[in-house]
Structure formats: C-alpha cells, structure tokens
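Protein chains: 2
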Amino acid sequence: MNTVSIVDVAKHAGVSVTTVSRVMNNVDYPISKKTREKVLKAIDELQYTPNKAAQGLKNNFSDVIGLIVRDISDSYYGEIARGVTTRASELGYLSFVCNTGRNPEDELMYHDILWQHRVKGIILAAGGLDQVDYKNKLMNQLARHEKSGLNIVSLAPQGIEIPYVMINEFEAGKKITEYLIERGHTKIAFIGGPQKLYTSIERLKGFKSALDIAGIEYNKDYITKSDFSQNGGYEACKLLLSKVKDLTAICCANDNIAIGTMSALREHGYIIPKDISVISIGDINEAKYMIPPLTTLSIPHYEMGKMAVDVITQWKEKVEITLNASICERESVRTL
Amino acid sequence: MNTVSIVDVAKHAGVSVTTVSRVMNNVDYPISKKTREKVLKAIDELQYTPNKAAQGLKNNFSDVIGLIVRDISDSYYGEIARGVTTRASELGYLSFVCNTGRNPEDELMYHDILWQHRVKGIILAAGGLDQVDYKNKLMNQLARHEKSGLNIVSLAPQGIEIPYVMINEFEAGKKITEYLIERGHTKIAFIGGPQKLYTSIERLKGFKSALDIAGIEYNKDYITKSDFSQNGGYEACKLLLSKVKDLTAICCANDNIAIGTMSALREHGYIIPKDISVISIGDINEAKYMIPPLTTLSIPHYEMGKMAVDVITQWKEKVEITLNASICERESVRTL
DNA sequence: TTGTAGGCGTTATCAT
DNA sequence: ATGATAACGCCTACAA
Numbered sequence: 002m003n004t005v006s007i008v009d010v011a012k013h014a015g016v017s018v019t020t021v022s023r024v025m026n027n028v029d030y031p032i033s034k035k036t037r038e039k040v041l042k043a044i045d046e047l048q049y050t051p052n053k054a055a056q057g058l059k060n061n062f063s064d065v066i067g068l069i070v071r072d073i074s075d076s077y078y079g080e081i082a083r084g085v086t087t088r089a090s091e092l093g094y095l096s097f098v099c100n101t102g103r104n105p106e107d108e109l110m111y112h113d114i115l116w117q118h119r120v121k122g123i124i125l126a127a128g129g130l131d132q133v134d135y136k137n138k139l140m141n142q143l144a145r146h147e148k149s150g151l152n153i154v155s156l157a158p159q160g161i162e163i164p165y166v167m168i169n170e171f172e173a174g175k176k177i178t179e180y181l182i183e184r185g186h187t188k189i190a191f192i193g194g195p196q197k198l199y200t201s202i203e204r205l206k207g208f209k210s211a212l213d214i215a216g217i218e219y220n221k222d223y224i225t226k227s228d229f230s231q232n233g234g235y236e237a238c239k240l241l242l243s244k245v246k247d248l249t250a251i252c253c254a255n256d257n258i259a260i261g262t263m264s265a266l267r268e269h270g271y272i273i274p275k276d277i278s279v280i281s282i283g284d285i286n287e288a289k290y291m292i293p294p295l296t297t298l299s300i301p302h303y304e305m306g307k308m309a310v311d312v313i314t315q316w317k318e319k320v321e322i323t324l325n326a327s328i329c330e331r332e333s334v335r336t337l
Numbered sequence: 002m003n004t005v006s007i008v009d010v011a012k013h014a015g016v017s018v019t020t021v022s023r024v025m026n027n028v029d030y031p032i033s034k035k036t037r038e039k040v041l042k043a044i045d046e047l048q049y050t051p052n053k054a055a056q057g058l059k060n061n062f063s064d065v066i067g068l069i070v071r072d073i074s075d076s077y078y079g080e081i082a083r084g085v086t087t088r089a090s091e092l093g094y095l096s097f098v099c100n101t102g103r104n105p106e107d108e109l110m111y112h113d114i115l116w117q118h119r120v121k122g123i124i125l126a127a128g129g130l131d132q133v134d135y136k137n138k139l140m141n142q143l144a145r146h147e148k149s150g151l152n153i154v155s156l157a158p159q160g161i162e163i164p165y166v167m168i169n170e171f172e173a174g175k176k177i178t179e180y181l182i183e184r185g186h187t188k189i190a191f192i193g194g195p196q197k198l199y200t201s202i203e204r205l206k207g208f209k210s211a212l213d214i215a216g217i218e219y220n221k222d223y224i225t226k227s228d229f230s231q232n233g234g235y236e237a238c239k240l241l242l243s244k245v246k247d248l249t250a251i252c253c254a255n256d257n258i259a260i261g262t263m264s265a266l267r268e269h270g271y272i273i274p275k276d277i278s279v280i281s282i283g284d285i286n287e288a289k290y291m292i293p294p295l296t297t298l299s300i301p302h303y304e305m306g307k308m309a310v311d312v313i314t315q316w317k318e319k320v321e322i323t324l325n326a327s328i329c330e331r332e333s334v335r336t337l
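Sequence order for the protein chains is X and D.
In terms of the numbering used here, the first sequence opens at residue 2 and continues consecutively.
In terms of the numbering used here, the second sequence opens at residue 2 and continues consecutively.
What follows is the structure, encoded as structure tokens:
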C-alpha cells in the first residue's frame, strides 16, 4: 500500500505540512508565489490526494450524504437517487445509498451505520410505517441525531414531526380520483399500497374523499391492497377482477401497480382504455412508454432528490417543503 | 456536537481504552466476564458507536465499496445497484453510488474521489468507451489503483485488460438474432446502442455474425443506433420505419430500446407480434409487464452486482467471470 | 487479564 | 510568509 501523505509532499517540496495544507485548501492566506508553485509541483509529481478519512476525523463529519431507500431498483427511488447523487456531486459530496429491501430492521441499522460514518445528513426515502415500535425507534434515532447535529430530511410522510420535502399524498389520491369522476366514471376501484404505510394511507384517504365529495357510494369490494410492486399490482388486479365485474376505471396508488394492473387486465382480455381506464401516481420513466401510455400524477422525484440535498447541506430548522404534482395526461383514461 | 468516543466509554467503565476496543471488536482475547459486562454497560449507557473515519484512518481503508454506474434511474443499473448494496450490507460494507450521467469526465473524477475515501474497491458499471483518450485515462487510473492496492472490477467490456464479471456480449447479440432466424425471420432490423461503447459494438457484431452464419444478406438500412434509452429507442425506431417497410422483426440491443421501439411501433399502428416481432437483451423488471410481455435475453444483473462485491472483498488477481445468459421467452416474438 | 503510548493524515492554534 | 505541534478517535505493539 503505497500512500502518499501531506508529509511526503511537504518533504518533497521542502516546506512544512502547514504550507501544503494551506495551498490545498486554497484559504485566503498569504503564500508567496514561489512557495505555492513548489508545492503545486510536488503535489502533481507525487499525485497527492488528501485522505478523506483523516479529514473526516479532524472535521468530525465527512463530505457524504446518506440516502435510505426502499428499493433502489424501483424507478421511483431510482429517480430520487439520481437527483440526490447528481446534486451531491455538484456540491462535492458523495452518497451512500442504503437499500432497505422494505425491511424496517435494516433501515434502523442503516441510521446507526450512517452516523458512525459521520455523514453530513440522511435523506429518508423509506420508513413511513404506521407501527408504534417502528415509530418509536425512528424517533429515538431522530433525537440522537438531533443531539449529535446530524441533519435528516424525509421524502415521505412519517407520521411524526420531521423535516420533509414531499408532495401532498392525500391530495394526490384525491386528484386522480377526481380526474376519473370528471370524465364520467363512478364504478372506480382502488388498488393501494401496503396498509401500514403512511403514503398508502394518505392516498387512499384522498380517494375516499373524492368519492365522498362527488356523492359516489363507497363500495368495499372495490378496494384492494398490494405492496407497491409491479407483481403486487398484477396479483391485486387479478383478485379484484375475480370479485368485481362492472368496473369502468381503476385508481392505482402508484405506477408499478398500474403496470402490473395493465398486464393483468390484458390477460383477462380487457382493452385499455376502451373497456377500462387506468390512472396512477408517480410518472416514473416507463409510464410514458406503456401501451397505452399511462395517465398518471407526475411526482417530481428527481427534483425532490436534489432539493433534499440542498436541505441537508444548507441546514435550517423546521423545513417543510410541499411540492406540486399535476396530472400528466396520456392515453389510459377514457371519457365516458 | 456531542460525540462520545472510546475514551469516554473507558472512563465511564473505569477501564482502559484498550479493553473497550477489545470488547468492541470481539477479538478472541481473554477478558474477564465482569470487565466485559462493565464495558458493555458503559457502551449501552453512553450509546457509543465507533467513528468510522478514525477506523478508516487507522486501517488505511474503509468499509466502503464504490459503484460507478451510467444512470442509476435505469433499471438495468438499478438491479446491479441492488445486488451490490445488498451483498455489501451483508458483509458490513456501505456503498458509494456514483452516477456518471453518461459523462466520461465525471466518471474519471469519481475514481479519484473514491480513492480519496480509501474505499475497499470500485465496481465499474460504466465506461467501456472505445476512445483512445478515455481508455488511456482509465488505464492510468488502473495503474494508480494497482500501485495503491485498490481493487477494481468491471461489469462491462472495457477494451482493456481488467478484472471482470459479465456476460459474453457478442454471444448475447448472436443468440437473440439466432432465436429470430430459427423462427423464420430474415428481414431483421437492429437498433443498437452508442457507437463508441464496447457493449454496443459486441452486441452488433453478434447480430451480424448470426446473420452471416445463416446466409442472410446484410442490409445497411436495417441497422440503426440509439443511446440505450427508452426515448432513444423510440426515436430510432421511428427513423427506421421511415426508411424501411418490409421488416418482420427488430433486434433491440437492450430492453430500454425495446420499450421505446414498442411504443413507436404502436404509434405506427403495428401490432406486436402479429405484424412485427421484437426481441432484446437485459430482462429488466418491466420487460415482464410490457404489453405484450417482452421476449428478451436474461442478464443476471442482481447476481452480477453481488458477485462483484465478492470479487472486491475476497480479492484475487486476474478475475475473469463470464456469466450465463439465456433467452426468456414471452410473447413479443412470432414464429413465421 | 489489563494498561500505556505511539501513530494513522489532516487541520488549526500558536509561535516565529 | 512560514513552521512546529497538538488534537481528532481508533487500534495495536509492547509492558506490566
């Protein structure tokens, strides 16, 4: 292991480490042109690059941001990760991407590890579990972090007070349902996400609210749950179709569900949107290329990721940013 | 900033830091039960967690793996990232995910930064550019890394000697073409990836080879390029359709291209696979849920990611692992 | 079985 | 304008 340190550079240039450090960090400190050049030359010749571990030890935090996501292979989180890594990189940060695989235990563990690495902050694109034990643990973590000066921002509702950058999930569910209602639909099913997830809960509430306002009777059989995955959407839709026959539209709580739903619908011989309309929430990359192209509520994932990094790096207390989401009209919804 | 260090624990427990360190690291060192318990209690009470920066400084490397990808929001890389982060986490590592946004300059910069962080190794799911200047720079990096003992493994052909875990890209292009030929197709178009990318180059070579072996005449108009994105595939297909009319099948160099292609085909009124067949390479998550479900060569991205981590953590010289890829038959190809 | 002390590479404080 | 040195938190030879 042939590592060159600041001491090597100092020796090579015939100056002190202090001087090298000053040159490296470009502080507005008077250094003679000649000395600076000597140092720069030595740095170049020795291919010196500072050791981040040492810097981190000294500064008590590293140029690193932690991102916790449910599933990095899901486009939803992929776009967030792209936003985070892009902006982080612009600001000289690197990003730890932590994949929970939808496992809350792992998620809590990641908080610890991230803290051990003295990251600048944590962006939480996971959690949101409506379970006392999970929520308590998360609050503990939050308290610890608060005490230790570690910044945290959430991209999804957590059911507790926490700085956030997100859309209004309730409005999201409401908007897509209203969109359908405005186009004459009344027999509308809803395929939701996990029952214990605040995101699902809010979107479902929005759905019910829209129905309620329009005076459409609420039918329990029309509501199914899934796990927010394509496969989950596929299974949920099949289950739904086995129970209900007179649907004219399906509200999917996210695009993955819609993708699975469309696949199941096709298997059953339904043509979209002639026989049945489909709408969802997310507008992930593939929505545009579905057949037919999917009408969906556009969530600015990439922007959310970028903004979250800004929140972490320019820390202020009490950040509560609600982003706009509007429906992207394509061809999966028909007007009755 | 209220950080508790090993010294605090030692004081609190009334022992030396050495003892605390030994307890923490669970080395098979004889420690009296009473002492161990005292230490454990102190650790718990103080909520002590070791500082990774300090550990990294001491050990000269950190429990971190760097992953460089072209586009983290692309399912192709998403699955790789999932494999990497999952396996890394199992082994106690964290992963820096570096997104090049398909920019070679950024990519080289990431090599530097990763080295500064003294990562255990770098997994390269990018690069592969057939350009002298890029290749030279990459080789420089490799040489530097070699000298410094930093492990590197590539998941794609780079045109230079480098440890790798990947599929045979040439065979991939050949296999999907043969699949079409076996089913009676002769008017076969090819929509490839970027011209300068070894992955594209190899897949195209494979296509041509299969044609050649089958004695099918090679038609230049049948071959188009894209950028491996859905949008690129869409545009390329539209261009193709404007020039060529008698196609019975299209070979897409990856699934994204196929997704865009199917979308374009639909716009032109073609029904898949009745009017035209589509096949591709990758088998990303959404392939299964396309309408119709996409027949594609299945690349084990997740496994590749996992194996790459093993290669990094259990380093041996000269790793050359070629993975199997077989065609996943679905409904986008018709037998003539 | 337990403890002392030096050093990893950097930055910051305090001389000169 | 430049340099010596202490400190960050951890691990590990070496002592005891």
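Cβ coordinates follow ideal geometry from the N, Cα and C atoms, glycine included.
Residue i: first and last residue of the uninterrupted beta strand (DSSP E) it sits in
i, result
"residue 167 of chain D", "165-168"
"residue 250 of chain X", "250-253"
"residue 152 of chain D", "152-155"
"residue 299 of chain D", "296-299"
"residue 189 of chain X", "189-193"
Neighbourhood of residue i by C-beta distance below 7 angstroms, restricted to the same chain and skipping five residues each side
i, result
"residue 232 of chain X", "261"
"residue 269 of chain D", "242"
"residue 172 of chain X", "207"
"residue 200 of chain X", "129, 157, 158, 170, 194"
"residue 309 of chain D", "85, 124, 154, 156, 166"
"residue 1 of chain D", "Absent from the structure is residue 1 of chain D, since the part of chain D shown begins at 2 and ends at 337."
Short Cβ contact (7 angstroms threshold) for residue i with residue j
i, j, result
"residue 127 of chain D", "residue 70 of chain D", "yes"
"residue 22 of chain D", "residue 68 of chain D", "no"
"residue 273 of chain D", "residue 227 of chain D", "no"
"residue 54 of chain X", "residue 119 of chain D", "yes"
"residue 225 of chain D", "residue 237 of chain D", "yes"
"residue 157 of chain D", "residue 185 of chain D", "no"
"residue 79 of chain X", "residue 79 of chain D", "yes"
"residue 289 of chain D", "residue 265 of chain D", "no"
"residue 202 of chain X", "residue 300 of chain X", "no"
"residue 197 of chain X", "residue 131 of chain X", "yes"
"residue 121 of chain X", "residue 313 of chain X", "yes"
Coil, strand or helix - residue i by DSSP
i, result
"residue 339 of chain D", "Since the first residue shown for chain D is 2 and the last is 337, residue 339 of chain D is missing from the structure and cannot be characterised."
"residue 80 of chain X", "helix"
"residue 19 of chain D", "helix"
"residue 326 of chain X", "coil"
"residue 44 of chain D", "helix"
"residue 104 of chain X", "coil"
"residue 87 of chain D", "helix"
"residue 115 of chain D", "helix"
"residue 321 of chain X", "strand"
"residue 210 of chain D", "helix"
"residue 125 of chain D", "strand"
"residue 280 of chain D", "strand"
"residue 160 of chain D", "coil"
"residue 333 of chain D", "coil"
Endpoints, alpha helix (DSSP H) assigned at residue i
i, result
"residue 221 of chain X", "Premise fails: residue 221 of chain X is in no alpha helix (DSSP H) and is neither H nor E."
"residue 259 of chain D", "256-268"
"residue 1 of chain D", "This structure gives no information on residue 1 of chain D, because the portion of chain D shown stretches from 2 to 337."
"residue 232 of chain X", "231-244"
"residue 7 of chain D", "7-14"
"residue 313 of chain D", "302-314"
"residue 60 of chain D", "53-60"
Residues near residue i by beta carbon distance below 6 angstroms, same chain, minus five either side
i, result
"residue 188 of chain D", "247, 248, 249"
"residue 5 of chain X", "47, 49"
"residue 296 of chain D", "280, 330, 331, 333, 334"
"residue 123 of chain X", "67, 115, 153"
Nearest-angstrom Cβ-Cβ length linking residue i and residue j, presumed shorter than 8 angstroms
i, j, result
"residue 83 of chain D", "residue 73 of chain X", "5 angstroms"
Chain-order list of residues whose beta-carbon lies under 8 angstroms from that of residue i (same chain, five-residue window excluded)
i, result
"residue 321 of chain X", "164, 165"
"residue 37 of chain D", "24"
"residue 181 of chain X", "189, 250, 252, 278, 280, 334"
"residue 205 of chain D", "174, 191, 193, 224, 254"
"residue 304 of chain X", "84, 324"
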